[in-house]
Amino acid sequence: MMSQCFIMQEATEDILLKVTNVCALCYGDIYIGDTIHYDTQKYHYLCQTCQEKQCELMNSECEIVEDEEGGLFC
323 MMSQCFIMQE ATEDILLKVT NVCALCYGDI YIGDTIHYDT QKYHYLCQTC
373 QEKQCELMNS ECEIVEDEEG GLFC
């Protein structure tokens with residue numbers, strides 16, 4: 323897990339009411355007590371599943387690393 327890329331928190335009533343109650347990527351509902359992750363690069367909250375998927379795509383500088391194959395100029 324890349325701690326510099328995400329801040330793990332427990333979803334509170336305050337966060338759900340004042341910030342968001344859905345994941346920024348999958349738009350799944352977030353409930354009080356859920357483990358959520360604040361993306362320090364894009365400034366939004368992700369559910370556990372989406373955070374894990376993002377970590378698999380990121381390098382050590384929190385940048386998404388795209389596959390170089392399949393581009394416009396293959």
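Numbered according to our numbering, the sequence shown spans residues 323 to 396.
Idealized CB from N, CA, C, for every residue including glycine.
Please read all numbers here as calculations on a predicted model, not as lab measurements.
- The C-alpha of Met380 is placed about 15 Å away from the C-alpha of Tyr360.
- Glu374 sits in a helix when the DSSP states are folded into three classes.
- For Asp361, the enclosing beta strand (DSSP E) starts and ends at Thr357 to Asp361.
- Residue state for Glu332 is assigned as strand, using DSSP reduced to three classes.
- Pairing Ile354 with Glu335 gives a Cβ-Cβ distance under 8 Å.
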